[in-house]
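Report on the following structure.
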Amino acid sequence: MNREKIVQKVQHEERLTPKESAFLEAMLEEQRGQEAVAVVKSLKRDEPSLAWRSSVNERIAKSAVKPRRSRQFIKVAPPVVLAAALTAWFVLGYGGSENLPGANSTSITSFLYEWHEEASAAVILPDAGTDLDGFLNRTGHQSRSDVDELLYGGSVIERL
Amino acid sequence: MGILLNNMRTTVRHSGDSALDRTIISRCKNRDAEAFSMIVDQYQARIYGFVRRMLRNTEDAEDVAQEVFIKAFENFDRFDGRASLSTWLFKIASNLCIDRARKRGRRPELVSLEPGNGEGIHDAADSRWDPQSSAVTSEMEQAIEEALAQLSEKLRSVLLLHDLEELSYEEISKAVGIPVGTVKSRLFLARNQLQQALKRYLIGEARQ
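Protein chains in written order, with our numbering: chain A, 1 to 160; chain B, 1 to 208.
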């Protein structure tokens, strides 16, 4: 095994073959007996000062009372915003207005109001012998219904 | 409560970090400052010592060592236990040291391993050295501290983590973010540089 070649490869942090790796392991083992390694192992660890420690405690205590908002918020906010946006788009946007009665309405309030008026008119039936034109004018009932048109080819009220 | 805490403190002090009480770790995950202070107690000397030798400036070292613990506390929920707590703390320390060195405009020096004064870079152990009988003098320690300061940051971090902090190759690989093979290569080079420096010191001593 060419020792110089391995050392060169090690210096350039090149990939070693398995054999070369084993040789490097052996050299590391050999180094264990060197005095430099023993001296490093014996180096003392400095304890930081009490002032340093109390400053750490103070900063940790401050950090502990801070609400952990950022990451929680980042986790929760996107789905909530997305859900709200989808709901708004579905209810107010074209996706909802095309499929619901009262498609002309531009807001939920006007749609509900219109829907309520139609429903009220539908349940007020004229008595026998009532003046039909007067009844329609009073109730504001539309004279032509899309449903009548679809089912009977014209308004039932007109046929009466 | 106080008795319980004292018992837990004793447990932490007398066990390796792999045996750290799960209760303490889960309390730290819930941002319990009192539980975290036990971890600071246990690791402050190791982390501070590592950072001081990496930065070679006491003021920076104190600042960065504090930052290590603050970051650890604030991000404890990210500690998943796959690495040991010491590896995780040294990883934070290593990253912060690199950041600080960059801010100070210090670039890691290139490694020069040209043999000088006829000394080969791969000498076997000096036969005059007998660790059993020889005492490590404070002058020798001083010489090694100076030699450590001359090492490039990447060599120094690996050497300190392995030979002083006794982390395994795999743990160093995780802490520093380099492959295990590179850890071994750097350790080999660092030890050689240190050995050369110590030899120069010993030769100087012998001449006097």
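Even glycine gets a Cβ: it sits at the ideal position worked out from N, Cα and C.
- Per DSSP, B/N95 is one residue of the alpha helix (DSSP H) stretching across 85-103.
- At a cut-off of 8 Å between beta-carbon atoms, A/W89 makes no contact with chain B.
- Cβ proximity to chain A below 7 Å picks out G181, T182, K184, S185, L187, F188, L189 from the segment 171-189 of chain B.
- Here B/R46 carries a helix assignment [DSSP, helix/strand/coil].
- Of the candidates B/S26, B/Q66, B/L151, B/Q66 places its Cα closest to the Cα of B/Y43.
- A Cβ-Cβ distance of about 6 Å is found for the pair B/L89 and B/I47, placing them in contact under the 8 Å criterion.
- Chain order gives no chain B residues near A/I108, where near means a beta carbon separation below 8 Å; the closest approach is about 42 Å.
- Closer than 7 Å at the C-beta level to chain A, one finds these residues of the segment 34-49 of chain B: F36, S37, V40, Q44, A45, R46, Y48, G49.
- Assigned with DSSP and collapsed to three states, A/E14 falls in coil, not helix or strand.
- Residue-level contact check: A/M27 touches chain B, since one or more beta carbons of chain B fall below 8 Å from its beta carbon.
- Taking a beta-carbon distance threshold of 8 Å, A/L16 counts as an interface residue toward chain B.
- Secondary structure note for B/T182: its alpha helix (DSSP H) is the uninterrupted segment 180-207.
- Nearest to B/L55 by C-alpha distance, out of B/E153, B/E74, B/C28, B/D77, is B/E153.
- In this structure, B/L194 lies away from B/A149, with their beta-carbon atoms at least 8 Å apart.
- One thing to note: A/V37 has its Cβ within 8 Å of the Cβ of B/D163.
- Minimum Cα-Cα distance from A/E29 among the listed residues B/S185, B/R207, B/E205 corresponds to B/S185.
- The continuous alpha helix (DSSP H) containing B/E141 extends over residues 138-150.
- Chain-ordered listing is empty here: chain B has no CB closer than 8 Å to the CB of A/N2, the nearest sitting near 12 Å.
- A residue is called buried when at least 16 other Cβ atoms come within 10 angstroms of its Cβ; B/T23 does not meet this threshold and is exposed.
- Rounded to the nearest angstrom, the gap between the Cα atoms of B/R31 and B/G105 is 35 Å.
- Rounded to the nearest whole angstrom, the C-alpha separation of B/E166 and B/R191 is 14 Å.
- By the CB criterion at 8 Å, A/I60 and B/F73 fall inside the cutoff.
- The C-alpha of B/E141 lies about 9 Å from the C-alpha of A/K44.
- Among the residues of chain A, those whose CB is under 9 Å from the CB of B/Q195 are Q31, Q34, E35, A36, V37, following chain order.
- Pairing A/A83 with A/W89, the inter-Cα distance amounts to about 10 Å.
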